[in-house]
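Student: Take this structure first; my questions come after.
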Amino acid sequence: MSGSAEPGTELGWLAGELREEFPGLGLHQLTVERGSGRSTRATKDRLRVLSDRFAGAQAINLRHQPIPWAYRVFFRHIGLDPDHQRTPVEELALERMKHGGFRSRSLLDDALTIATIESGVGVRAFDADRVSAPLGIRPTVAGEALEGRPGELPPGTLVVADAERPVSLLFGAGARGRGVTPKSRRTLLVAIQVGGVPAIAVEEALWLAAGVLQG
Amino acid sequence: MPELLEHTEANPAASPATLVPAGTGAGERRARGDLRLQIARLERELGELFASAFPRRGLEWRVGAVGGPRMLSTGELERIRDALAARLADTRAELARRADAEEANRGLVERMIAEPAEHRWVKVSNEDVGEPGCRHWHSRPRWGILGMLLGWWRVRLSSGCPLAAGPRPPAPDAKRSPDGT
């Protein structure tokens, strides 16, 4: 089920019923040989320029753009309300509007912000040494839970998982201990492709984030 | 990997109804596919309405979620489709109602400008005519009480939004003494 999409990036696996139910759904991943750290001046400058480019008009017209629209539609298809639980790009757009700019937090967070805003595709990261790549998407079975989160997940919940356990909800909270920390040495960047989003846009998002991380 | 992907069938404790949509036949799947297309179309129309509604406030856009992320049954997809269609109809009706009011207010502004004395103290804001910004038209007397007594009325157009309040940053050329004071 896993295969190479482009040199360096890898396609994740997908549970059979999901492949039939959601044509176009996929998970792309890319391992970067470094963790996070303090954001560089160049990255902060890039965020500032991005903030200037991304104003209210762009935020309002996000839903007109094919990629953000495709994620909104997919959210509806899996039972989420994108006006309540926002898509990654809309979440960042809202933050931009509230704070007057994209805030710099760490090199990794800034890289994910730049990649998500530039491409429209949400990118998230895991500690590559604490998950067993390749990751994939599947529904949970009874008794499964997200590490560090109270309670079990309802059976059938769509999760991003490695070979052993769920590592995050699909477009939701992550399991404790699988994310990138200051001690992480390698980062696994993950982007979800949905119907209507071309693979090249997802690849671009991953490479954008990797490029910022690697300077 | 296969054991991971097929464990939904392998685990008898899990209720099949909660793991996969109620109907798994080709017909059911086709029906869900059709519903997803309808949801996508309605979502596009709602997005267009959202953009065209700006800068009007107070409109409800939420449709509500059936709970996820998970694969939805045909009934749940129908519920989302119906809720989207209802939201679209409600919002269109509300926007049409507001558009009528805004058109009436634009007419009022024109009449105010033509005959300010006939519209004493009437104030119309940008929000009343469906436009962004803080500008407003206000029919008021020239030279205060004298204008009121002599009937010298005019429409004043405000200059815009008030400046942002809050503490100012220090002036860039402000210098500190060596002891830090």
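As you go down the protein sequences, you meet chains B and Z in turn. Per my numbering, the very first residue in the first sequence carries number 147; after that it's consecutive. Per my numbering, the very first residue in the second sequence carries number 20; after that it's consecutive. Even glycine gets a Cβ: it sits at the ideal position worked out from N, Cα and C.
(1) With DSSP collapsed to three states, give me the class of Z/A115.
(2) Should the segment 156-165 of chain Z be regarded as contacting the segment 137-145 of chain Z, the criterion being three or more beta carbon pairs within less than 8 Å?
(3) Give me the residue from Z/W162, Z/A104, Z/G179, Z/L65 with the minimum Cα distance to B/L208.
(4) Taking 7 Å as the CB-CB limit, is B/D255 close to chain Z?
(5) Jot down the residue ranges of each uninterrupted beta strand (DSSP E) in the segment 76-161 of chain Z, minimum 3 residues, whole runs only, in chain order.
(6) With a cut-off of 7 Å, does the C-beta of B/H223 fall near any C-beta of chain Z?
(7) So what does B/D273 bridge to, in DSSP terms?
(8) If the criterion is Cβ atoms closer than 7 Å, does the pair Z/A102 and Z/V128 meet it?
(9) Are the segment 49-63 of chain Z and the segment 217-231 of chain B touching by the rule of at least three beta carbon pairs closer than 8 Å?
(10) Please report whether the beta-carbon of B/F272 lies at a distance below 7 Å from any beta-carbon of chain Z.
(11) Whose CA, out of B/K329, B/S314, B/P285, lies closest to the CA of B/E163?
(12) Is Z/W171 helix, strand or coil by DSSP?
(13) Indicate whether at least one CB of chain B lies closer than 7 Å to the CB of Z/M167.
(14) Could you check whether the Cβ of B/R209 sits closer than 7 Å to any Cβ belonging to chain Z?
(15) Give, in chain order, every residue of the segment 313-346 of chain B whose Cβ lies closer than 9 Å to some Cβ of chain Z.
(16) So is B/R158 in contact with chain Z if we call contact Cβ pairs under 7 Å?
(17) With respect to the beta strand (DSSP E) encompassing B/H210, which residues constitute its N-terminal and C-terminal limits?
(18) Grouping DSSP H, G and I as helix and E and B as strand, with all else coil, what is B/G172?
(19) Please name the residues in the segment 107-139 of chain Z whose beta-carbon is closer than 7 Å to at least one beta-carbon of chain B, in chain order.
(20) Which residues, taken in chain order from the segment 74-96 of chain Z, show a beta carbon closer than 8 Å to some beta carbon of chain B?
(21) Per DSSP, B/L160 is paired with what?
(22) Per the DSSP calculation, B/Q339 is bridged to which residue(s)?
(23) Quick one: any contact between the segment 291-301 of chain B and the segment 272-281 of chain B, if contact means 3 or more CB pairs under 8 Å?
(24) Mind reading off the beta-carbon distance from B/G246 to B/P214? Whole number of angstroms is fine, and I expect it under 8 Å.
(25) Give the residues of chain B in contact with Z/R63, contact being defined as C-beta atoms less than 7 Å apart.
(26) Below 8 Å CB to CB, which residues in the same chain sit around Z/V150 once its five sequence neighbours on both sides are set aside?
(27) Just to confirm my understanding: we take B/E167, look at its own chain, exclude 5 residues before and 5 after, and list those with CB closer than 7 Å. What are they?
(28) Could you confirm whether any beta carbon from chain Z is found closer than 7 Å to the beta carbon of B/I283?
(29) Give me, in chain order, the residues of the same chain whose beta-carbon lies closer than 7 Å to that of B/A309; leave out the 5 immediate sequence neighbours on both sides.
(30) Within the same chain, show all residues whose beta-carbon is closer than 6 Å to that of Z/D147, passing over the 5 residues directly before and after it, in chain order.
(31) May I ask you to report which of helix, strand or coil DSSP gives B/S265?
(32) From what residue to what residue does the beta strand (DSSP E) around B/P312 run?
(33) Which value, in whole angstroms, describes the spacing of the CA atoms of Z/L114 and Z/A104?
(34) So if DSSP puts Z/L176 in a beta bridge, which residue, or which two residues, is it bridged to?
(35) Chain Z partners of B/H230, CB-CB under 7 Å?
(36) Are the Cβ atoms of B/H223 and B/A337 separated by less than 7 Å?
Tutor: On the basis of the supplied data:
(1) helix
(2) yes
(3) Z/L65
(4) no
(5) 142-144, 155-160
(6) yes
(7) B/T333
(8) no
(9) yes
(10) no
(11) B/P285
(12) coil
(13) no
(14) yes
(15) L315, L316, F317, G318, G341, G342
(16) Note on identity: in this sequence residue 158 of chain B is Gly, with Arg being the wrong assignment. B/G158 does not count as touching chain Z.
(17) Where B/H210 is concerned, there is no enclosing beta strand (DSSP E), given that its DSSP letter is neither H nor E.
(18) strand
(19) none
(20) W80, R81, V82, G83, A84, V85, G86, G87, P88, R89, M90, L91, E95, L96
(21) B/I283
(22) B/G172
(23) no
(24) In fact, because the Cβ distance is near 21 Å, the residues do not count as touching under 8 Å.
(25) W215
(26) Rather than Val, the amino acid found at residue 150 of chain Z in this sequence is Glu. P74, listed in sequence order.
(27) none
(28) no
(29) S278
(30) N124
(31) helix
(32) 312-315
(33) 15 Å
(34) Z/W156
(35) R81, A84
(36) no
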